[in-house]
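S.K.: This is the structure I have questions about; it appears just below.
Numbering (full-length UniProt numbering), first residue to last: 1 to 824.
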């Protein structure tokens with residue numbers, strides 16, 4: 001099977017909230033940690049595809065990602081990553097492919113790796129010096145050459161602190177004096193130096209100075225040479241939780257630096273104020289490679305109102321090579337700032353301010369907020385910047401020459417915790433996902449993207465909740481229901497603003513459908529319910545469906561694409577575990593976490609008046625894990641932690657006071673261990689009904705309905721037709737909603753996911769007696785548990801698409817060709 005048979009249509013994953021979690025390579029590739037994966041994104045890709053790949057290799061959350069510095073003539077690109085699993089991984093890719101493969105893994109650290117920095121030692125052959133800081137209060141120095149990573153030195157921090165940021169730089173012009181700045185969970189910066197000899201196998205860094213002045217943890221360090229002139233000084237920027245950036249000057253020679261008073265920069269008249277432990281401009285003396293240097297506090301940058309997470313230098317391109325040096329700072333106050341030194345006075349001023357003021361007044365890191373921007377990155381050419389926000393989404397701005405301004409550009413977004421549920425719209429027009437990050441997101445294809453390609457994007461964020469979300473299903477084309485770690489379900493209806501956006505960008509729905517819809521929605525402060533907002537409501541959020549020709553940016557997604565909540569469905573005593581809506585949209589079935597028969601019942605709600613239909617359906621004794629209506633809604637199937645499945649049959653003519661379904665059959669020994677998922681096969685004329693169950697006993701079982709011909713074909717019971725052993729617990733199953741072929745080759749396609757992250761596809765015969773698994777390419781598997789699977793309902797066009805929800809916080813859409821499906 002070739003890669004053309006199964007392709008990855010869409011990858012969505014949110015970034016981890018860490019300062020060192022991302023890097024932007026010289027070749028234009030942005031890599032960032034996304035749970036245990038490393039996501040790859042080309043921000044300036046004309047197709048606007050978003051995330052192009054996910055690298056799996058770490059066993060825990062990735063915290064640090066760095067590209068090794070590249071030069072012209074390099075034949076490969078290298079990426080180094082560190083994670084909470086204490087491992088350091090080197091990845092390698094050909095420059096023209098961006099397909100990274102795991103090259104080397106080191107486990108020398110005894111704690112989570114927080115930061116990585118690297119500097120180039122030579123080009124022939126290419127070699128680098130790498131420094132890593134970890135939660136074992138140590139800094140490791142490595143040499144990387146000839147695709148081999150060698151540990152040279154292990155430094156225990158004294159006094160003890162956990163390094164959160166490191167930066168390497170050459171001092172002077174000889175190329176043999178190297179400085180390492182280290183800082184973290186202290187309010188001081190340590191400067192270590194060493195002499196570097198070509199080809200030397202040993203490098204020994206020693207602490208030369210301790211720079212004081214900050215009053216909080218130091219989150220980011222960045223070295224840069226002040227200019228390209230020989231003998232130019234080196235500047236170090238440090239960003240701290242004390243809300244300030246400090247700049248330090250490294251000057252070669254024993255003579256005194258001209259005694260200038262430290263300067264302050266701000267956006268207001270407070271430039272004369274110098275907060276900090278001491279405004280004294282005391283010089284520190286250091287030596288490296290036999291050369292003498294002085295280190296002096298140069299400037300204090302004021303302007304941010306909350307913790308500053310990152311500060312990075314960039315030199316603007318200029319024909320003479322002497323472009324202006326600029327500093328990008330990212331803060332928890334939801335802003336980015338670009339700083340430059342005034343050509344006349346030398347005072348550092350904020351020339352550009354990007355982002356927004358926080359809407360939540362008083363919501364600062366001092367009060368427990370985790371908002372703001374966690375890191376800021378420069379594009380290689382310095383004409384674009386990107387930052388990572390609280391929601392795990394990336395925002396990007398590009399410089400517009402014609403307007404002399406920074407304009408917002410399309411970024412990428414995704415869930416930041418396990419994706420617990422996925423549901424397609426009834427016609428397959430869009431995909432809904434819900435997660436333990438307490439959000440529900442709507443994904444659809446952008447049919448007007450560059451190059452004429454149908455690229456996937458997050459188009460709306462209908463629900464931002466205060467509880468972890470566990471389950472979701474679509475009731476109709478414009479309505480869905482979700483369940484969370486609370487005792488009720490919430491029903492949401494599509495607003496006119498989102499309907500207009502989906503119609504304009506994806507050809508979904510029509511203008512007439514939006515006439516009766518509410519205008520928009522917002523979330524009141526301290527509220528859990530999205531309220532309807534009218535156009536004339538002064539306190540309403542801005543409309544999501546402005547006249548832009550691109551998907552909404554993160555600011556609009558988080559504020560202006562909410563769906564109003566129209567109903568609440570009560571009745572359960574504990575957290576919702578699963579729910580399902582009937583295909584005709586008339587019923588919603590639900591279950592909650594339970595340890596007794598009383599709470600393990602299934603509750604049915606009708607959607608005309610939104611009332612519960614009593615009595616509830618009883619069969620399980622423990623939590624029901626999945627509910628599925630048959631394709632024609634004639635049956636309701638439930639599976640649970642009590643190892644049993646139950647089938648409820650629709651009554652022919654139910655009374656108004658009775659539940660429309662009654663128990664047909666329950667199998668208390670359906671699996672040897674708990675059953676985690678189930679799925680109905682599509683209906684085929686003249687063939688028996690089939691459903692599949694997936695269990696922790698590492699088996700998928702196919703069950704076939706037996707009919708009584710004497711009773712006119714009435715269904716009597718389901719019996720096991722086949723069993724497929726997978727080798728690991730099976731956590732998700734779903735049938736392709738149509739037979740894969742016709743004639744003698746006709747059969748069903750069943751997709752399954754496992755606890756180990758494996759995604760598989762197997763063929764099931766029309767009578768359910770035969771199953772055969774088909775091999776899948778390695779890149780479709782997940783590093784963690786597959787939480788749920790959902791085939792896209794049939795639409796025009798060949799092939800089929802499968803949505804995969806992962807515990808690794810990723811949402812994926814895989815495309816299968818008809819040739820592959822018919823060969824299953």
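We put the CB at the ideal spot given by N, CA and C, even for glycine.
Given the structure is predicted, the values throughout are model-derived calculations rather than measurements.
Which residues bound the beta strand (DSSP E) around residue 554?
M.R.: That residue, residue 554, is in no beta strand (DSSP E); its alpha helix (DSSP H) goes 554-560.
S.K.: Identify, in the order they occur along the chain, each residue of the same chain with its Cβ nearer than 6 Å to the Cβ of residue 172, setting aside the five sequence neighbours on each side.
M.R.: So the qualifying residues of the chain are 252 and 291.
S.K.: Out of 22, 572 and 440, state which residue places its alpha-carbon closest to the alpha-carbon of residue 38.
M.R.: Comparing Cα-Cα distances from residue 38 to each of 22, 572 and 440, the minimum goes to 22.
S.K.: Among the candidates 80, 687 and 583, whose CA atom is the shortest distance from the CA of residue 634?
M.R.: The shortest Cα separation from residue 634 among 80, 687 and 583 belongs to 583.
S.K.: Would you kindly work out how many angstroms separate the C-alpha atoms of residue 79 and residue 660, rounded to a whole number?
M.R.: For residue 79 and residue 660, the distance between alpha carbons rounds to 58 Å.
S.K.: Flag this pair as yes or no: are the beta carbons of residue 697 and residue 731 separated by less than 8 Å?
M.R.: No, these two residues do not count as a Cβ contact at 8 Å.
S.K.: What beta strand (DSSP E) runs, 3 residues minimum, are completely inside the stretch 2-36?
M.R.: Listed in chain order, the complete beta strand (DSSP E) runs (minimum 3 residues) inside the stretch 2-36 are 6-13, 22-24 and 30-34.
S.K.: Please state if the CB of residue 167 and the CB of residue 222 are separated by a distance shorter than 8 Å.
M.R.: In this structure, residue 167 lies closer than 8 Å to residue 222 by Cβ.
S.K.: If you drop the 5 nearest sequence neighbours on each side, which residues of the same chain put their C-beta closer than 6 Å to that of residue 803?
M.R.: Result list for residue 803: 422, 431, 790 and 813, in chain order.
S.K.: Rounded to whole angstroms, what is the Cα-Cα separation between residue 399 and residue 130?
M.R.: C-alpha separation (whole angstroms): 32 Å.
S.K.: Residues in its own chain within less than 6 Å of residue 382 by CB, not counting five upstream and five downstream?
M.R.: Cβ neighbours of residue 382 beyond the five flanking positions: 314 and 316.
S.K.: Which partner residues does residue 771 have in the DSSP bridge list?
M.R.: Paired residue(s): 764.
S.K.: Could you work out which residue in 19, 156 and 332 is closest to residue 243 when comparing CA atoms only?
M.R.: Checking every option, the nearest Cα to that of residue 243 belongs to 332.
S.K.: In whole angstroms, what is the alpha-carbon distance linking residue 447 and residue 234?
M.R.: When rounded, the distance between both Cα atoms is 49 Å.
S.K.: What do you get for residue 125, buried or exposed, if any count of 16 or more other CB atoms within 10 angstroms of its CB means buried?
M.R.: The residue is exposed, with fewer than 16 neighbouring Cβ atoms inside 10 Å.
S.K.: With three or more C-beta pairs closer than 8 Å as the rule, is the stretch 434-443 touching the stretch 41-58?
M.R.: Touching, no.
S.K.: Report the residue from 603, 625 and 153 whose alpha carbon sits nearest the alpha carbon of residue 616.
M.R.: Closest by alpha carbon: 603.
S.K.: Rank 491, 520 and 481 by C-alpha distance to the C-alpha of residue 498 and give the top, closest one.
M.R.: Out of 491, 520 and 481, 520 has the C-alpha closest to the C-alpha of residue 498.
S.K.: Identify which residue in 387, 303 and 379 has its Cα closest to the Cα of residue 349.
M.R.: The residue with the shortest Cα to Cα distance from residue 349 is 303.
S.K.: Run through the stretch 601-679 for me and flag every whole alpha helix (DSSP H) of 4 or more residues, listed as ranges in chain order.
M.R.: Listed in chain order, nothing qualifies, since the stretch 601-679 has no complete alpha helix (DSSP H) run of 4 or more residues.
S.K.: By the DSSP assignment, the alpha helix (DSSP H) with residue 506 in it spans what residues?
M.R.: 496-506 is the span of the alpha helix (DSSP H), which, as asked, contains residue 506.
S.K.: Can you find the residues in the same chain that come closer than 6 Å, C-beta to C-beta, to residue 119, ignoring five residues on each side of it along the sequence?
M.R.: Cβ neighbours of residue 119 beyond the five flanking positions: 129 and 168.
S.K.: For a minimum of 3 consecutive residues, which ranges assigned as the beta strand (DSSP E) are wholly contained in the UniProt repeat "WD" (412-442)?
M.R.: Fully enclosed beta strand (DSSP E) runs of 3 or longer: 419-424 and 431-435.
S.K.: Residue 159: buried (16+ other C-beta within 10 angstroms of its C-beta) or exposed?
M.R.: Answer is exposed; the Cβ neighbour count stays below 16.
S.K.: So, residue 764 versus residue 702, is the Cβ gap smaller than 8 Å?
M.R.: Contact flag set, yes.
S.K.: Under 7 Å from any heavy atom of the ligand COA, does the C-beta of residue 613 make it?
M.R.: What this structure holds is no ligand at all, so the ligand COA is not there to describe.
S.K.: Do residue 649 and residue 662 come within 8 Å of each other at the CB atom, strictly closer than that value?
M.R.: A contact, by the Cβ cut-off of 8 Å.
S.K.: My output table needs one value for residue 68: the three-state DSSP class, helix, strand or coil.
M.R.: Three-state DSSP puts residue 68 in coil, outside helix and strand.
S.K.: Sort out for me which residues DSSP pairs residue 248 with in a bridge.
M.R.: For residue 248, which the question treats as bridged, DSSP gives the partners 236 and 297.
S.K.: Which partner residues of residue 119 appear in the DSSP bridge assignment?
M.R.: Paired residue(s): 129.
S.K.: Is residue 205 helix, strand or coil when you go by DSSP?
M.R.: Note: residue 205 maps to coil in three-state DSSP.
S.K.: Grab me the residues of residue 77's own chain with a C-beta within less than 6 Å of its C-beta, minus the 5 sequence neighbours each way, in chain order.
M.R.: Closer than 6 Å at the Cβ level, and outside the excluded window around residue 77, lie 93 and 95.
S.K.: Measuring only the C-alpha atoms, how far is residue 216 from residue 36?
M.R.: Distance between the alpha carbons of residue 216 and residue 36 is about 29 Å.
S.K.: When DSSP labels each residue in this structure, what does residue 778 get in the three-state scheme?
M.R.: Looking at residue 778 - three-state DSSP - the assignment turns out to be helix.
S.K.: Taking all protein chains shown into account, do 16 or more other C-beta atoms lie within 10 angstroms of the C-beta of residue 570, making it buried, or fewer, making it exposed?
M.R.: With fewer than 16 other Cβ atoms within 10 Å, it is exposed.
S.K.: Per DSSP, what kind of secondary structure is residue 818 in: helix, strand or coil?
M.R.: Reduced to three states, the DSSP call for residue 818 is helix.
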